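Structure first, commentary second.
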Amino acid sequence: MTSGMRIGVVTFPGSLDDRDAARAVRIAGGEAVALWHADADLHGVDGVVLPGGFSYGDYLRCGAIARFAPVMTPLIDAAKGGLPILGICNGFQVLCESHLLPGALVRNDHLHFICRDQKLRIESNSTAWTSDFEVGQEIVIPLKNGEGGYVADDKTLDQLEGDGRVIARYLDINPNGSRRDIAGITNERGNVVGLMPHPEHAVEALTGPTTDGLGFFTSVLTSLVNR
Amino acid sequence: MSRHVDTVIDAAANPDTSQPFAELGLKPDEYQQIREILGRRPTSAELAMYSVMWSEHCSYKSSKVHLRQFGDKKPETDALLVGIGENAGVVDIGDGWAVTFKVESHNHPSYVEPYQGAATGIGGIVRDILSMGARPVAVMDPLRFGAADHPDTRRVLPGVVAGIGGYGNCLGLPNIGGEVVFDSSYQGNPLVNALCVGTMRHEDIHLASAKGVGNLVVLYGAKTGGDGIGGVSVLASETFDEGGPAKRPSVQVGDPFMEKLLIECTLEVLHAGLVEGIQDLGGAGISCATSELASNGEGGMHVRLDAVPLRDATLTPEEILMSESQERMCAVVTPEKIDAFLAICRKWDVTADVIGEVTSTGRLVIEWHGEIIVDVPPRTVAHDGPVYNRPLARPDWQDDLIASGTSDLPRPASAIEIRDSIMTMVGSPNLAAKTWITSQYDRYVLGNTVLAQPEDSGMVRVDEVTGRGVAVSTDCNGRFAKLDPYNGAKLALAEAYRNVAATGAAPLAVTNCLNFGSPEDPAVMWQFSEAVRGLADGCLELGTPVTGGNVSFYNQTGETAIHPTPVVGVLGVIEDVTKRTPMGFGAAGDVVLLLGETRDELDGSEWAHVVHSHLGGVPPQVDLAAEMRLAEVLVELGGSGALTAAHDLSDGGVAQALVEMALRRGVGASITLPADVDAFVTLFSESTARVIVTASPANADTVMSAATSAGVVVTALGSVGNLGDDLVIENVAADSVRLSLAELSQAAEATLPALFG
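Protein chains in written order, with my numbering: chain S, 1 to 227; chain X, 228 to 984.
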């Protein structure tokens, strides 16, 4: 059953989890639309996923070059107009570099790449990408990053917390030194979400630790239908 | 530039010019052979080409006469679509799908520069798979290091692991398994092997040949630089001497981002039907690619070396020919399709240049700014290199080694002693959890990983609709191979075969990476010949053909060679990956069964190694017929859903397997050893052809009768407990051993972080 909603997945040079994100969109009931970094056109999609990977080899700084890709021009405009956008891992880094989200992602405090099944607590369900969760719900999805430590100044962090814009927090262990255990945040409007762990790798019992990640993709389809 | 280039005309005019063939790794008689082939002295560019292509690494000159057995003893099979000799073998896995897989060594570079050595090892094997037309879908790394607590291991291991992760993660390939073994025999020669699996439809298979006179030769990917020059001849084909100069300049530097672009670009040009022949550039760089393509095709090629895009404009033609710069490929394209080919390269921001064309001359001719610097029959470079039947001799110490078994070693007798032995072994470096290493690898990317480390084999889904998939395991016990290279190779094969079957996949084909000392040592050459003979005999008996592989010689420091280490990779097919059998205890009440016979076989065991630092005696008996019966039972029961778990018994025996099954999902078990057996032998022997399985009580009879009717001995061991329950073993010297999962987990998980964290 499909919702008729079309969710774009951007491929930058060096994107790696674009196929996974497209699969997750399909399993959730949406239509996945491939968007190419060099094409300054969103092709009328109803939402966009910026997938994980190492865009431009993470050279210079994670997400810093991808931020200037032609596709980002219409995407930044659309984000400001309320289009649902989810940045996962490298996509989160691109959103921060684009100033659609505050703060930055830095090298893990233990200096190693880490891949693990990570427990999270959902802190907000008033975003386009988390509406199908309960606040306080605990989920387990894969985390895999080398530069996943979320940092921002205290004032920004206080503001994020005060506005309910921290959408997920690490439980049990903080895997990368993120300040205040922050795993994901949203913008003021709640349409742009950045998340360091990978919900697209937890959409099938066969290949994921759980199917908890599916909620992010069903959320956006639900919120689009209810719009 | 004013530098004089040595041309073919110069070579004919000045036949007596002295040439540095020895420095390039060629022996005097090999140099003489080149002069005879050419009827003159080689130019310096030709000398460079022959020296790299005739190196041990590229030419297999010491191993060829032995490796022929893999073809001569090939079992009857319909599975092999492309056999030995191509970049990688290809097997038919059904439904029109084909899989290619291969393992290669990058041992020497990884010792010199662990991060880049290991990283480019991944890069090289991935391009081998790609050049067959397949999409790379997974990697694995069989690794061997020196003693875990040796200071140099602390230098090498973290770098190797970071290199594998840094390259593989950035490339977007899941790392689904491998091995990590510590043994002081690898102290000066760590083994860094890399395996890649690729999938494709049958019609997408491509080969390395330059067919069609007038077709264009395109070099695409990274620009050529000065890295890795002479890597094959200087690095891979010489023994390291202590106190010798550091060889860092010969190690290549990898750029995984470029490799990712190269993968996507290559698959797009292949699927668009724009390629006649394709070859990756690895060891020996352009020398290898041009000579192999020409030799496999029409036989002639004309190359303009000055058209090769360079990172460093000062490179000489000889250096360009020998450079091992990474992330490069060579394709043969018809003139009509060249524009379309180049357009796809531009789309992916991949540099591509036409550097030559296919000719009918039967010669590989290379020019440099209008002057001919190479004019050779390509076959003499690529395929007809020297072949050595090196002397081999069973070492004089072999008898003493075999005579020194474990029967005199003190064995733990009481339950307390056995408990101590279990705890010591659980935390020993070889048996301890490898989480610290494997958590640095992405196992999720691509979304098709069904099983990954520490499961018995890595498994990926190939077809998302039907669920058809493949499982791969690599194994080798170097201690067994040292005691008996012939049976050691068979034991490595048997273990990998069993690991694949344990997950429910039917073993289909074999690859190998044969890591040995110097072929110039008759004792090493004997070990090698015995291991090849054992592996070829074993593959014939099991019906699993060898599809390809790699030989790595000169893994020795001074006079001391590593343990002979024939790493064997087995690939199996599973029709529906949702039916795979995992390794961990699951539901409470499941019946725990031991399949296979346990004998008193402790020589060369992990127990002897950990507790007594002892190596001697006769390794466990190999019974490939029993392995086949066991595998059939495992595949049949796995496919029918009768098994809830299965775990191979190897290093550390039953005790270690029970611990691993319990720790996998944090579920204990209640085990009762049979009354009439020696508890120590039952728990620590490493007899082969055994697995522990679990089944629901409702299915237990089905499992037992299936095993029994296949001639596999079944022993009931007990039942699975609840989440968090202890692992309890009753009937241990009239007492019981109780192990809490917390203490087991602590012992297993703490070791590697304490050493390397």
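Beta carbons: idealized from backbone N, C-alpha and C, even for Gly.
Please read all numbers here as calculations on a predicted model, not as lab measurements.
- prompt: So, are the CB atoms of Val279 of chain X and Leu798 of chain X less than 8 Å apart?
  reply: Contact annotation: Val279 of chain X and Leu798 of chain X have beta-carbon atoms that are not nearer than 8 Å.
message: For Leu232 of chain X, which residues in the same chain have their Cβ closer than 7 Å to its Cβ, ignoring the five residues on either side in sequence?
response: The sequence given here has Val at residue 232 of chain X, not Leu. Closer than 7 Å at the Cβ level, and outside the excluded window around Val232 of chain X, lie Pro544, Trp595, Glu598 and Ile600.
Contact residues within the region 663-676 of chain X, judged by C-beta distance below 9 Å to chain S: Correct list: Trp663, Thr665, Ser666, Gln667, Tyr668, Asp669, Arg670, Tyr671, Val672, Leu673, Gly674, Asn675 and Thr676.
task: Assuming Glu802 of chain X contacts Arg695 of chain X (C-beta within less than 8 Å), just tell me the rounded distance between them.
output: In this structure Glu802 of chain X touches Arg695 of chain X by the C-beta definition: roughly 6 Å separates them, less than 8 Å.
Chain C contacts from the region 107-125 of chain S (Cβ-Cβ distance under 8 Å): Checking the listed chains, one finds no chain C in this structure; the protein chains it contains are S and X.
message: Excluding the 5 residues flanking Cys115 of chain S on each side, which residues of the same chain have their C-beta closer than 6 Å to its C-beta?
response: Around Cys115 of chain S: Lys144.
message: Quick check on the burial criterion: 16 or more other C-beta atoms within 10 angstroms. Buried or exposed for Ile643 of chain X?
response: Exposed, by the Cβ-count rule.
- request: Can you pull the chain X residues whose beta carbon is under 7 Å from the beta carbon of His197 of chain S, in chain order?
  value: Looking at the sequence shown, residue 197 of chain S is not His but Pro. By Cβ distance, chain X contributes nothing, its closest Cβ being about 11 Å from Pro197 of chain S, past 7 Å.
message: Taking beta-carbon pairs under 7 Å, can you tell me which members of the region 381-401 of chain X lie near chain S?
response: Residues Gly392, Asn396, Cys397 and Gly399.
field: Exposure label - Ser223 of chain S; buried when at least 16 CB within 10 Å
entry: Per the 10 Å Cβ criterion, buried.
message: Judging by CA-CA distance, which residue of S:Gly149, S:His37 and S:Glu31 is the nearest neighbour of Ser55 of chain S?
response: Selected option, being the one with the closest Cα: S:His37.
field: Euclidean distance between Cα positions of Phe372 of chain X and Asp153 of chain S
entry: If you take the alpha carbons of Phe372 of chain X and Asp153 of chain S, they lie about 44 Å apart.
query: Expressed to the nearest angstrom, what Euclidean distance is found between the alpha-carbon atoms of Ile141 of chain S and Asn226 of chain S?
result: Near 27 Å, if we compare the C-alpha coordinates of Asn226 of chain S and Ile141 of chain S.
field: Members of the region 13-33 of chain S that neighbour chain X once the beta carbon cut-off is set at 7 Å
entry: Pro13, Gly14, Leu16, Asp17, Arg19, Asp20 and Arg23: these are the residues of the region 13-33 of chain S whose beta carbon lies less than 7 Å from some beta carbon of chain X, given in chain order.
query: Exposed or buried, which one is Gly52 of chain S when buried takes at least 16 other CB atoms within 10 Å?
result: The residue is buried, with at least 16 neighbouring Cβ atoms inside 10 Å.
query: What residues match up with Gln783 of chain X in a beta bridge as DSSP calls it?
result: Gln783 of chain X pairs with X:Ala788.
field: Interface positions of the region 792-809 of chain X facing chain S (Cβ-Cβ less than 8 Å), listed along the chain
entry: So the close ones are Val804 and Thr805.
- request: Give the interface partners of Asp576 of chain X over in chain S, defined as CB-CB distance under 9 Å, in chain order.
  value: Taking a Cβ-Cβ threshold of 9 Å, the residues of chain S close to Asp576 of chain X are Pro13, in chain order.
message: Would you say Leu497 of chain X lies against chain S (beta-carbon separation less than 8 Å)?
response: So, not an interface residue.
- request: Measure from the C-beta of Leu950 of chain X to each C-beta in chain S and report whether the shortest distance is under 8 Å.
  value: Chain S contact via Cβ: absent.
query: So, helix, strand or coil for Arg965 of chain X, using DSSP?
result: Collapsing the DSSP output to three states places Arg965 of chain X in a strand.
task: Name, please, each residue of chain S whose Cβ falls closer than 7 Å to the Cβ of Leu488 of chain X.
output: Contact note: Leu488 of chain X reaches chain S through Pro13, using a C-beta cutoff of 7 Å and chain order.
- prompt: Taking the alpha-carbon positions, what's the Ala521 of chain X to His529 of chain X distance?
  reply: A straight line joining the alpha-carbon of Ala521 of chain X with that of His529 of chain X spans about 9 Å.
- prompt: Whole beta strand (DSSP E) runs in the region 326-390 of chain X with 3 or more residues, listed along the chain?
  reply: Listed in chain order, the complete beta strand (DSSP E) runs (minimum 3 residues) inside the region 326-390 of chain X are 362-372.
task: Could you have a look at Thr978 of chain X and say whether DSSP puts it in helix, strand or coil?
output: Correct three-state label for Thr978 of chain X: helix.
message: Judging by CA-CA distance, which residue of X:Glu486, X:Ala437, X:Leu384 and X:Asn416 is the nearest neighbour of Tyr394 of chain X?
response: Closest option to Tyr394 of chain X, judged by alpha-carbon separation, among X:Glu486, X:Ala437, X:Leu384 and X:Asn416: X:Glu486.
- request: Within the same chain, show all residues whose beta-carbon is closer than 6 Å to that of Pro102 of chain S, passing over the 5 residues directly before and after it, in chain order.
  value: Closer than 6 Å at Cβ, skipping near neighbours: Ala152 and Thr156.
- prompt: Whose C-beta lies closer than 7 Å to the C-beta of Leu384 of chain X among residues of the same chain, with five residues either side of it excluded?
  reply: Closer than 7 Å at Cβ, skipping near neighbours: Phe372 and Phe983.
task: Could you name the residues of the same chain whose beta carbon sits closer than 6 Å to that of Phe467 of chain X, not counting the 5 residues immediately before and after it, in chain order?
output: The predicted model places Phe467 of chain X with a pLDDT of 46, which falls under 50 and marks its position as unreliable, so this point remains unresolved.
- request: Evaluate contact between the region 358-375 of chain X and the region 412-430 of chain X, counting only Cβ atoms and requiring at least three cross-stretch pairs below 8 Å.
  value: Cβ pair count under 8 Å is three or more, so yes.
message: Checking the sheet assignment: what are the DSSP bridge partners for Gln118 of chain S?
response: For Gln118 of chain S, which the question treats as bridged, DSSP gives the partners S:Ile141.
task: Could you pull out every residue in the same chain whose Cβ sits closer than 8 Å to the Cβ of Val48 of chain S, ignoring the five residues on either side in sequence?
output: The residues are Ile7, Gly8, Val9, Val10, Leu35, Leu42, Leu75, Ala78, Leu83, Pro84, Ile85 and Leu86.
task: Using the Cα positions of Gly654 of chain X and Val837 of chain X, report the straight-line distance between them to the nearest angstrom.
output: When rounded, the separation of the alpha-carbon atoms in Gly654 of chain X and Val837 of chain X is 10 Å.
task: Can you give me the start and stop residues for the alpha helix (DSSP H) that Ile185 of chain S sits inside?
output: Where Ile185 of chain S is concerned, there is no enclosing alpha helix (DSSP H), although the beta strand (DSSP E) it sits in stretches over Ile182 to Thr186.
field: Interface flag, Thr210 of chain S vs chain X, CB-CB below 8 Å
entry: No, because no Cβ of chain X sits closer than 8 Å to the Cβ of Thr210 of chain S.
field: Contact under 8 Å by Cβ, Leu418 of chain X with Asn334 of chain X
entry: A contact, by the Cβ cut-off of 8 Å.
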